[in-house]
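Residue numbers (this note's numbering), protein chains in the order written: chain G, 456 to 719; chain B, 827 to 991. Don't be surprised by glycine CBs; every beta carbon is placed ideally from N, CA and C. Below is one structure, written out as structure tokens; the observations come after it.
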Amino acid sequence: MKIAVMQFPGTNCEHETLVAVNAVGMKGEIFRWNRPAAELSGFDGFIVPGGFSYQDRVRAGAIASKEPVMDALREEAERGKPIIGICNGFQILVETGLLPGTGKIDMALAQNVMVSGGRVMRRGYYCDWVNLRHDALPKRCSGSFMIDKKAILQIPIAHGEGNLVTTTPGLVDRLKDEDQVVFRYCDPAGQVVNEFPVNVNGSTESIAGICNPEGNVLGMMPHPERAFFAWQLPAYDPRKARPDDPGPGRMVFESMKRFIEVRA
Amino acid sequence: MSTTSTINLRVWLKIPDAEAATVKNTLIRRMGFADSLQDVKKERLFSIIVDSGDPEKLARSFARELVNENKESHKVLFDRLSFEEGYVPVKVALHIEDGEAVSTRDRLRNRLGFSNVVEVKKATVWKLYLKGENQEQVAKEIAEGLLINPHKDSYEIMGKTKMPA
């Protein structure tokens, strides 16, 4: 089961992602953006990891989305293969039109705006551990295939532009109706509160991750590869005392593997 | 009765601009504009609206705060915006709230004491050096194909003659 971990100039999470892919029993390989794009057809799944591709020039994800490898990824997505975009990878998939999946740019991940009590508390880059509620049904989406609905995962974020905005009429309602809203920011009890610090970036309806209509392409702002092992968890989390245990982010990679097995 | 003035600060790098180079490279090598595009340059544009004070004196003060003379050059225009011949200027700005513009306004007003600053608008001006016919149409295609995400950005193709800010 071969997984291509995409690498653009400025990607900086490819090695952690590769470790996570290999640790669940898939065979990961870093795939540089300037390799022949046709070679992507030999892989069973793809991860577009986080970082700052092309230094976020023009806007996050815009330049990478024009690379030939992204055209090839679009073809692989049409074949039903799983693609997971994490953080900058999510931004690239949005700029490519692979998410929310209409083939055109239907939304933007804009600058974070942290609002509380009607006041802007801060803007821009922010990193913290967040709670994510899985809002899709199990098996709806490649990257959350094995995650129960309403399950809560603790996963870190680190981004400046994760605020989902759209001028497409009815898009968010359609995403909800079609079960394409996969993850939402929530409090430790699973309640979605559309205010900072629960909604960490001002994203519309606290949306943290979405999938395409077919469910094989997932984009999420939080970094599951940074919560793959329990030892990566923050000091206040009691699970850190059992460092060899799996971390909550592992389920995303286990899900991808299971999705590929079921699809085969 | 107070009257407002708009101080436009056009700011550009005097060292090579890597972002403009990347845009040029992407347009030519990835997006099929090799026959129509010669070069791309970029400027930052601050439009600072003030309700009192000597605009020329204020412009010098704002430039000291917002321009790093070690690497940047600038040009000031009062109550108008104009561009040189030879390229198509495409002004890109956020149509959602621009946090950087708000922060700049607040810093100028609250931290640096320019209480006469009413509003700050920020934009990027992409200077597209095009060849051939239909340059405005080509600029439109470039703007919509790469320079903006319509869900947060808007763009305006600026004339080469004097235009209101």
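### Task
Using 10 angstroms around the beta-carbon of residue 970 of chain B, count the other beta-carbons present and answer buried if the total reaches 16, otherwise exposed.
The residue given as residue 970 of chain B occupies position 144 in the second sequence. So residue 970 of chain B counts as exposed.
### Task
Measure the Cβ-Cβ separation of residue 934 of chain B and residue 889 of chain B and say whether it is below 8 Å.
On the second sequence, residue 934 of chain B is found 108 positions in, with the first residue counted as 1. On the second sequence, residue 889 of chain B is found 63 positions in, with the first residue counted as 1. Residue 889 of chain B sits away from residue 934 of chain B, with the two beta carbons spaced by 8 Å or more.
### Cα-Cα separation, residue 843 of chain B to residue 892 of chain B
Against the second sequence, residue 843 of chain B aligns to sequence position 17. Against the second sequence, residue 892 of chain B aligns to sequence position 66. Cα to Cα, the separation comes out at about 18 Å.
### Task
Can you have a look at residue 663 of chain G and say buried or exposed, based on whether 16 or more other CB atoms are within 10 angstroms of its CB?
For the purposes of this step, residue 663 of chain G is taken as residue 208 along the first sequence, with counting starting at 1. A residue is called buried when at least 16 other Cβ atoms come within 10 angstroms of its Cβ; residue 663 of chain G meets this threshold and is buried.
### Residues of its chain near residue 606 of chain G, where Cβ-Cβ distance is below 7 Å and the 5 sequence neighbours each way are ignored
Position 151 of the first sequence, counted from the first residue, corresponds to residue 606 of chain G. Non-local C-beta neighbours of residue 606 of chain G in its own chain, meaning closer than 7 Å and more than five positions away in sequence, comprise 589, ordered along the chain.
### Query
Can the beta-carbon of residue 564 of chain G be found closer than 8 Å to that of residue 626 of chain G?
Locating residue 564 of chain G in the first sequence gives position 109, counting from the first residue. Locating residue 626 of chain G in the first sequence gives position 171, counting from the first residue. The answer is no: Cβ separation not under 8 Å.
### Message
Just verifying my parser: in three-state terms, what is the DSSP assignment at residue 744 of chain G?
### Response
An answer regarding residue 744 of chain G cannot be provided, because it is not within the stretch 456 to 719 covered by chain G.
### Query
Around the Cβ of residue 990 of chain B, are there at least 16 other Cβ atoms within 10 angstroms (buried) or fewer (exposed)?
Your numbering for residue 990 of chain B matches position 164 in the second sequence. Legend: pLDDT at residue 990 of chain B = 43, less than 50; position of this residue unreliable, value from coordinates given subsequently. Counting Cβ neighbours within 10 Å, residue 990 of chain B comes out exposed, since fewer than 16 surround it.
### Task
State the beta-bridge partners of residue 578 of chain G as determined by DSSP.
What you label residue 578 of chain G is simply residue 123 of the first sequence in a count that begins at 1. Beta-bridge pairing links residue 578 of chain G to G:568.
### Message
Taking the alpha-carbon of residue 480 of chain G as reference, which of G:513, G:458, G:551 has the nearest alpha-carbon?
### Response
Along the first sequence, one-based indexing puts residue 480 of chain G at 25. Comparing Cα-Cα distances from residue 480 of chain G to each of G:513, G:458, G:551, the minimum goes to G:458.
### Task
Report, in whole angstroms, the separation of the C-beta atoms of residue 592 of chain G and residue 628 of chain G, which I expect to be a contact under 8 Å.
Residue numbering aside, residue 592 of chain G sits at position 137 when the first sequence is read from its first letter. Residue numbering aside, residue 628 of chain G sits at position 173 when the first sequence is read from its first letter. So it is not a contact: roughly 18 Å between Cβ atoms.
#### Entry: Within chain B, partners of residue 509 of chain G - CB distance below 8 Å
To locate residue 509 of chain G, count along the first sequence from 1; it is residue 54. Going along chain B in sequence order, the residues near residue 509 of chain G (Cβ under 8 Å) are 848.
### Query
Leaving out the 5 sequence neighbours to the left and right, which residues in its chain are closer than 8 Å to residue 560 of chain G when beta-carbon positions are compared?
The sequence position of residue 560 of chain G within the first sequence is 105, counting from 1. Only 549, 550, 552 meet the Cβ criterion.
### Message
Against chain G, which members of the stretch 850 to 865 of chain B pass a CB distance test of less than 7 Å?
### Response
Listed by position, the residues of the stretch 850 to 865 of chain B near chain G (Cβ gap below 7 Å) are 852, 856, 857.
### Task
Using the Cα positions of residue 691 of chain G and residue 584 of chain G, report the straight-line distance between them to the nearest angstrom.
To locate residue 691 of chain G, count along the first sequence from 1; it is residue 236. To locate residue 584 of chain G, count along the first sequence from 1; it is residue 129. If I take the Cα positions, the gap works out to 11 Å.
### Query
For the alpha helix (DSSP H) that contains residue 852 of chain B, what are its first and last residues?
For the purposes of this step, residue 852 of chain B is taken as the residue at position 26 of the second sequence. Residues 844 to 855.
### Proximity to residue 497 of chain G [Cα-Cα], best of G:472, G:466, G:513, G:460
For the purposes of this step, residue 497 of chain G is identified with residue 42 of the first sequence, where counting begins at 1. That would be G:460, whose Cα lies nearest to the Cα of residue 497 of chain G.
### Query
Between the beta-carbon of residue 718 of chain G and the beta-carbon of residue 535 of chain G, is there less than 8 Å?
Here residue 718 of chain G refers to the residue found at position 263 when the first sequence is read from its first residue. Here residue 535 of chain G refers to the residue found at position 80 when the first sequence is read from its first residue. For residue 718 of chain G and residue 535 of chain G, yes; Cβs fall inside 8 Å.
### Query
What separation, rounded to the nearest whole angstrom, lies between the Cα atoms of residue 865 of chain B and residue 655 of chain G?
Stepping through the second sequence from its first residue, residue 865 of chain B is reached at position 39. Stepping through the first sequence from its first residue, residue 655 of chain G is reached at position 200. Going by the C-alpha atoms only, they are around 40 Å apart.
### Query
So, does the CB of residue 462 of chain G fall closer than 8 Å to a CB anywhere in chain B?
Indexing the first sequence from 1 puts residue 462 of chain G at position 7. Not a single C-beta of chain B is nearer than 8 Å to the C-beta of residue 462 of chain G.
### Task
Would you kindly report the start and end of the unbroken alpha helix (DSSP H) that includes residue 925 of chain B?
Position 99 of the second sequence holds residue 925 of chain B. Looking at the DSSP string, the run of the alpha helix (DSSP H) that includes residue 925 of chain B is 925 to 932.
### Message
According to DSSP, residue 461 of chain G sits in a beta bridge with which residue or residues?
### Response
Counted from its first residue, the first sequence places residue 461 of chain G at position 6. According to DSSP, which records beta bridges pairwise, residue 461 of chain G is partnered with G:486.
### Message
Quick check on the DSSP output: the beta strand (DSSP E) that includes residue 868 of chain B runs from which residue to which?
### Response
Residue numbering aside, residue 868 of chain B sits at position 42 when the second sequence is read from its first letter. 863 to 876 is the span of the beta strand (DSSP E), which, as asked, contains residue 868 of chain B.
### Query
What does a CB cutoff of less than 8 Å around residue 987 of chain B pick up in its chain, not counting 5 residues either side in sequence?
As a working mapping, residue 987 of chain B is identified with position 161 in the second sequence. With a pLDDT of 46 at residue 987 of chain B, under the threshold of 50, the modelled position of this residue cannot be trusted; read the value that follows with caution. Cβ within range, chain order: 908.
### Query
Are there 16 or more other CB atoms within 10 angstroms of the CB of residue 714 of chain G, so buried, or fewer, so exposed?
Counting from 1 along the first sequence, the entry for residue 714 of chain G is found at position 259. It is buried - the Cβ of residue 714 of chain G has at least 16 other Cβ atoms within 10 Å.
### Task
State the DSSP-derived secondary structure class of residue 899 of chain B, mapped to helix, strand or coil.
Your numbering for residue 899 of chain B matches position 73 in the second sequence. Here residue 899 of chain B sits in strand by DSSP.
### Opposing strand residues paired with residue 981 of chain B [DSSP bridges]
Taking the first residue of the second sequence as 1, we reach residue 981 of chain B at position 155. According to DSSP, residue 981 of chain B bridges with B:918.
### Task
Take the Cβ of residue 532 of chain G as the centre, count every other Cβ of all protein chains shown within 10 Å, and call the residue buried at 16 or more, exposed below.
Locating residue 532 of chain G in the first sequence gives position 77, counting from the first residue. It counts as buried.
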